[in-house]
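These notes concern the structure reproduced below.
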Amino acid sequence: MKKRDKTRAKATPGEPKRDQRIVCLMNEEEQRIVNRYLERYKITNKSRWFRETILMFIHKNMEDDYPTLFGEHDMRR
């Protein structure tokens, strides 16, 4: 069996340390879907992929869901 290369990029001093954990439970089908996606796109760092995917989704929704003075129904009148 081939050993994996254990070289990692060093964290920069200004980068905050990630020490908060989030746990997500999935059923077998959901897990197969995620694993198939990761394998297809050759993603090796599952944790980074989850973090970036979730944060991009939240960030996009926050930009699209800006506060308004009136509700959508009132503005369409």
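Using our numbering, the first residue of the sequence shown is number 100, and each one after it goes up by one.
Yeah, the Cβ is synthetic: ideal placement off N, Cα and C, and Gly gets one too.
Owing to the predicted nature of the structure, the values given are computational and were not obtained by experimental measurement.
Between Ile-142 and Trp-148, the CB-CB gap stays under 7 Å. The beta carbons of Lys-145 and Leu-137 sit about 6 Å from each other, so the pair counts as a contact at 8 Å.
When DSSP states are grouped into helix, strand and coil, Lys-159 belongs to the helix group. In the three-state reduction of the DSSP assignment, Arg-147 falls in the helix class, which pools H, G and I.
Straight-line measurement puts the Cα of Pro-112 at about 25 Å from the Cα of Thr-152.
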